[in-house]
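Each remark here refers to the structure printed beneath this line.
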Amino acid sequence: MLTTLNTSYTDTRAADLAWALGREPLPALAALDLELTGAKLQLRLLGASHQVLLEEEQGSCSETVACIAGSSPPLPLGVARRVGDWEYEFAAHVEALSPGQFAGRAQELLALVADHPHGLAGVFPGSPYAFTAMLAQRHEGQVQWRTWHAYPQDGQLVATRTKVGSRVSVGAGQRGLSRSGA
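Quick note on numbering: numbering that gives the first Met the number 0 labels position 54 of the sequence shown as 53, and the sequence is numbered without any gaps.
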């Protein structure tokens, strides 16, 4: 789903983005509710970037990547945490692109997300390449999502990737290996 966001462009630099886990739902400009094999997922576009709300039998989780007043830590390159019965993994990468590369990549991403049943993209007023886009899926027992935050004035594209899944019992796997090796 592609939408034009009726708001001013709040997060104007990639360096202003911060990551937070466990925040309460923030006001959304657009949202997409998804059901992914027992997982309820809500992709939310904020005036200051994105928020994802996940709810499953095992519990709930929220991820926010946005410019939030009072959030001073920079966007981390990677995070791995246990959240209830889940393993949570987050990764972020900032790409610096030339104007031509940026326009091509922006068109590519918007086309990918716009018609995808699990995709949500919002374009900010003022530039067709100022956008936040999100895409979700369930893969091998994990709920996964990717996001892209575009800053055409700086030629920067922030890409994030998140995976949330049930904990794997390491001890059980180790016991099985030791028995088979005996």
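By construction, the Cβ of each residue, glycine as well, lies at the ideal position given by its N, Cα and C atoms.
Item: C-beta contact flag for Ala65 and Ala17 at 8 Å; Value: yes
Item: Distance CB(Arg145)-CB(Thr159) smaller than 8 Å; Value: yes
Item: Start-to-end residues for the beta strand (DSSP E) that takes in Arg104; Value: Element bounds for Arg104: not the beta strand (DSSP E) but the alpha helix (DSSP H), Pro98 to Ala113.
Item: Beta-carbon proximity list for Glu88, same chain, < 6 Å, skipping 5 on both sides; Value: Ala79 and Lys162
Item: N-terminal and C-terminal residue of the beta strand (DSSP E) that Arg12 is part of; Value: Counting along the chain, Arg12 falls outside any beta strand (DSSP E), and DSSP gives it neither H nor E.
Item: With 16 other Cβ atoms within 10 Å as the buried cut-off, status of Gln100; Value: exposed
Item: Same chain, Cβ closer than 8 Å to Ala27, neighbours up to 5 away in sequence not counted; Value: Arg43, Leu44, Leu45 and Gln50
Item: Beta-carbon contacts of Thr63 that lie in its chain and below 6 Å, excluding the five residues immediately before and after; Value: Ala19, Arg22 and Gln50
Item: Candidates Ser61, Thr36, Lys39 and Ala47: closest to Gly121 by CA position; Value: Ala47
Item: Leu188 to Ala135 span [Cα, whole Å]; Value: With the chain covering only 0 through 181, there is no way to say anything about residue 188.
Item: Three-state secondary structure (DSSP) of Ala27; Value: coil
Item: Proximity to Leu108 [Cα-Cα], best of Pro124, Gly125, Ser97 and Ala129; Value: Ala129
Item: Per DSSP, the bridge partner or partners of Asp153; Value: DSSP output for Asp153 lists no bridge partner at all.
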